[in-house]
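Student: Residue numbers (my numbering): 292 to 1095.
(1) Determine, using beta carbons only, whether residue 731 and residue 584 come nearer to each other than 9 angstroms.
(2) How big is the Cα-Cα spacing for residue 915 and residue 534?
(3) Any contact of the stretch 886-901 with the stretch 833-841, i.e. 3+ C-beta pairs under 8 angstroms?
(4) So the candidates are 1030, 779 and 436; which of them puts its Cα closest to the Cα of residue 938?
(5) Which residues in the same chain have their Cβ closer than 6 angstroms to the Cβ of residue 765, if we skip the five residues on either side of it in sequence?
(6) Residue 347 by DSSP, collapsed to three states: which one?
(7) Once DSSP output is grouped into helix, strand and coil, what is the label at residue 523?
(8) For the putative contact between residue 488 and residue 439, defined by C-beta atoms under 8 angstroms, what is the C-beta separation to the nearest angstrom?
(9) Mind reading off the beta-carbon distance from residue 385 to residue 519? Whole number of angstroms is fine, and I expect it under 8 angstroms.
(10) Taking residue 688 as the reference, which of 736, 675, 619 and 745 has the closest Cα?
(11) Rounded to the nearest angstrom, what separates residue 682 and residue 973 at their Cα positions?
(12) So what does DSSP say about residue 909, is it helix, strand or coil?
(13) Quick one: what does DSSP say residue 495 is sitting in, helix, strand or coil?
(14) Under DSSP, the alpha helix (DSSP H) around residue 1003 begins and ends at which residues?
(15) Can you name the start and end residues of the beta strand (DSSP E) that residue 489 belongs to?
(16) How long is the line joining the alpha carbons of residue 366 and residue 794, rounded to whole angstroms?
(17) Measure the CB-CB distance between residue 1097 and residue 725 and report whether it falls below 9 angstroms.
(18) Which word fits residue 826, buried or exposed, when buried means at least 16 other C-beta atoms lie within 10 angstroms of its C-beta?
(19) Within the continuous beta strand (DSSP E) that includes residue 1028, where are the two ends?
(20) Please confirm if the stretch 372-391 is in contact with the stretch 444-456, defined as three or more CB-CB distances below 8 angstroms between the two stretches.
(21) Strictly by DSSP, which residues pair up with residue 553?
(22) Taking the alpha carbon of residue 905 as the point to measure from, which residue in 957, 820, 943 and 954 has its own alpha carbon closest?
(23) Please determine, among 654, 807 and 782, the residue with the shortest C-alpha to C-alpha distance to residue 936.
(24) Would you call the stretch 791-810 in contact with the stretch 340-351, where contact means no fewer than 3 C-beta pairs closer than 8 angstroms?
(25) What are the residues that DSSP puts in a beta bridge with residue 853?
(26) What does the alpha-carbon distance come out to for the pair residue 321 and residue 592?
(27) Touch check for the stretch 496-512 and the stretch 365-381: three-plus C-beta pairs under 8 angstroms?
(28) What first and last residue would you give for the alpha helix (DSSP H) that runs through residue 536?
(29) Just how far apart, CA to CA, sit residue 964 and residue 922?
(30) DSSP three-state label for residue 356, please.
(31) Taking the alpha-carbon positions, what's the residue 776 to residue 762 distance?
(32) Determine the direct distance from the alpha carbon of residue 984 to that of residue 721, and round the result to whole angstroms.
(33) Closest to residue 828 by CA distance: which of 752, 798, 874 and 876 is it?
(34) Taking C-alpha atoms, which residue in 642, 400 and 885 lies nearest to residue 851?
(35) For residue 474, which residues from the same chain have a beta carbon less than 8 angstroms from its beta carbon, with the 5 sequence-adjacent residues on both sides left out?
(36) Who are residue 447's beta bridge partners in DSSP?
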């Protein structure tokens, strides 16, 4: 009996290949998207859970209250961890980690590579972070100076398949002995690195430890017994502060506190200064919501097409009843066909997912390592299957009940009509599809507009055609050659200007407390950004000096250091004229300022951070030392020639290191990688939503015109033309389309408003985008209805009415 049902089901599907193909394809896309979104969310929500005992590891985060302004940092002083472990016996262990922000050149024999993800840590790191090791011992691998633990991918670049333990690899400064080989960090790791060097092994005097507690130097992690002890540490820190930090804090009007964040909560935790790239949980809600919506759209299509197809099979049901089939047998056959179709869609969905992961750049775009790993995600064995079967049963429910109740003779005569409420239900479902699709399209277009705004916004400096060259090793001979290098580069016709700075725009600037002279000659404390730049920085970056003057050589060695400030500091201090105003900074333990500076000019505001953050009051210092990053402005017409000539000159001065450079505009766009990935993913999902809705609208239009085939035939006999019949059908759907659009516009507005909240600067919401999206959606709907109406209207009325 089951084999007979399978035979009937396959025959029915083969007889209606187009219907079966569209139905399977639509549902398969929905299921595939759901599986991919599920794997993506699992990856995002399991950050750092690969570390053993992650529930007992907490990162200590600093909170400064300086002049009634709260500053929050992801790091702490190097001395905080050891002192806390000494003070509180329930702190089982601690470790300190620092990520090296510049690329490090490693060499082993003839192999030399610049490595980006390098960190330094103390000897306790792998006692706290118990991650899988392939070789070496957790407890002692960083105990000795000049030792290094590497990941598998790092080791393969230099040693191939050889065991790297005991081998010596070199940097420009030291030789390091490899003492540990660990597995590669998963992509969902917040503090990720390819190699970690031993550091912080020199003992620090007690007095120095206490004096440096106000610094922010490294990430500090402590290991305690669960959340209860973590709360105790936060509460007990008040006594620690009173004992070690209160006196210094009172001297300059500051206060310090800590917050503990569990390891797996860090990535989606607070937005802190000097933190690694963090996630935004609102994006997870967005992706999860869109994934569910696309699955719902696909299921609506599947159900609509199944029920519409069921009405076309009424005569078949009547014939089966005449031949002796019972109502239960008809219901079971319809359910069987529907579930079979959904299982075929599930199989195709898994094929689609595998193709996406293996044959497309999907993982690269999202910076993930997603895969159909049934061992890691056991829910993949049953969740998609349950979902597919449920959709199959649900879509077969209405046709099964309806067809089993049809009187046999009424079905044969063609006198059976679908109930009005079922038609409206079908229209409502398609209307919901249309609404969601229009909202997603509007949102995707506005996201694209915002990313274009980020790319083209005037940042207060000219980011184009700036080549950045890192100046390595502050004490190296290269630093001494920088003035000569600048002269040589300046002679090139392709080079317009050169300068250098310790940091580049878009990176974390120094944040410091200063005493700033106000209009009355009094000094008020304030927290400001601080930049250190070389001569000619403003012309090189094309930053305008609005008042006063720029730096010159005469400012070196001045009795009072000269500085520039931005317009924001002028506003912050309510200065009428900034020139000659004094600033003091650098405090001893008694709160006395150590350095005094004089303002010589005001520059226009510029975005030294990403557009996620507002412009802060900024002080710009002239730096005499030639370390940091060289900035070279070149002629865009001779870009390739400029790079080649610069490389030759630089390589002569620094022959031992490969020439490395980047372009400022590309580096700045890296600040928005998450948003680019999100907008691109939204765009892909938008395509799918449009396609699925197109299928749904096509199905509804086809169903509506089929129901009115005889009416169209009669109208044609009575003289109606094709245009009138198209409008007749479209008017019936117009109310549905208008209602869908009216609901889609505020939905899209709400979605994009939430997304734009993450930017301090955003493009205006252009009503034209809303209007054009709505117009295109209505036009598409009209074209679909026109196609099906014209197809029926062009038929011969004799053929249409011959059974009447």
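Where a beta carbon is used, it is the ideal one built from N, C-alpha and C, also for glycine.
Tutor: Let me lay it out:
(1) Yes, these two residues count as a Cβ contact at 9 angstroms.
(2) In this structure, the alpha-carbon of residue 915 lies about 40 angstroms from that of residue 534.
(3) Touching, yes, given that three or more Cβ pairs across the two stretches are closer than 8 angstroms.
(4) Considering only 1030, 779 and 436, the residue with the shortest C-alpha distance to residue 938 is 779.
(5) The predicted position of residue 765 is uncertain, since its pLDDT is 48 and thus under 50; a value taken from the coordinates is nonetheless stated next. Once the five neighbours on either side are set aside, the close Cβ partners of residue 765 are 918.
(6) DSSP places residue 347 in helix when its eight states are reduced to three.
(7) The answer is helix: DSSP assigns residue 523 an H, G or I state.
(8) With 8 angstroms as the limit, residue 488 and residue 439 qualify as a contact, their Cβ atoms being about 5 angstroms apart.
(9) Contact doesn't hold; Cβ gap of about 18 angstroms is too wide.
(10) Comparing alpha carbon positions, the residue from 736, 675, 619 and 745 closest to residue 688 is 619.
(11) A direct Cα-Cα distance of roughly 25 angstroms separates residue 682 from residue 973.
(12) The answer is strand: DSSP assigns residue 909 an E or B state.
(13) In this structure, residue 495 counts as coil in the three-state DSSP scheme.
(14) Bounds of the alpha helix (DSSP H) holding residue 1003 are 1000-1008.
(15) Boundaries of the beta strand (DSSP E) around residue 489: 486-489.
(16) If you draw a straight line from the Cα of residue 366 to the Cα of residue 794, it is about 19 angstroms long.
(17) Nothing about residue 1097 can be read from this structure; the chain reaches only from 292 to 1095.
(18) Buried, by the Cβ-count rule.
(19) Annotation for residue 1028: no beta strand (DSSP E) segment contains it, though the alpha helix (DSSP H) segment containing it runs 1013-1047.
(20) Contact annotation: the stretch 372-391 does not touch the stretch 444-456, with fewer than three C-beta pairs closer than 8 angstroms.
(21) Its beta-bridge partners are 349.
(22) The candidate whose alpha carbon is nearest that of residue 905 is 820.
(23) Minimum Cα distance to residue 936 is reached at 782.
(24) The stretch 791-810 vs the stretch 340-351: no contact.
(25) Beta-bridge analysis with DSSP links residue 853 to 889.
(26) Computed Cα separation, rounded: 10 angstroms.
(27) With a cut-off of 8 angstroms, the stretch 365-381 and the stretch 496-512 count as touching, because enough Cβ pairs lie within range.
(28) In the DSSP annotation of this structure, residue 536 is not part of any alpha helix (DSSP H), being labelled neither H nor E.
(29) Just so you know, the alpha carbons of residue 964 and residue 922 end up roughly 23 angstroms apart.
(30) Reduced to three states, the DSSP call for residue 356 is strand.
(31) The alpha-carbon of residue 776 is positioned some 11 angstroms away from that of residue 762.
(32) Approximately 8 angstroms between the Cα atoms of the pair.
(33) Comparing C-alpha distances from residue 828 to each of 752, 798, 874 and 876 shows the shortest one belongs to 752.
(34) Minimum Cα-Cα distance from residue 851 among the listed residues 642, 400 and 885 corresponds to 885.
(35) Residues of the same chain with a CB within less than 8 angstroms of the CB of residue 474, apart from the 5 flanking positions on each side, are 422, 423, 424, 425, 442 and 443 in chain order.
(36) Beta-bridge partners of residue 447 (DSSP): none assigned.
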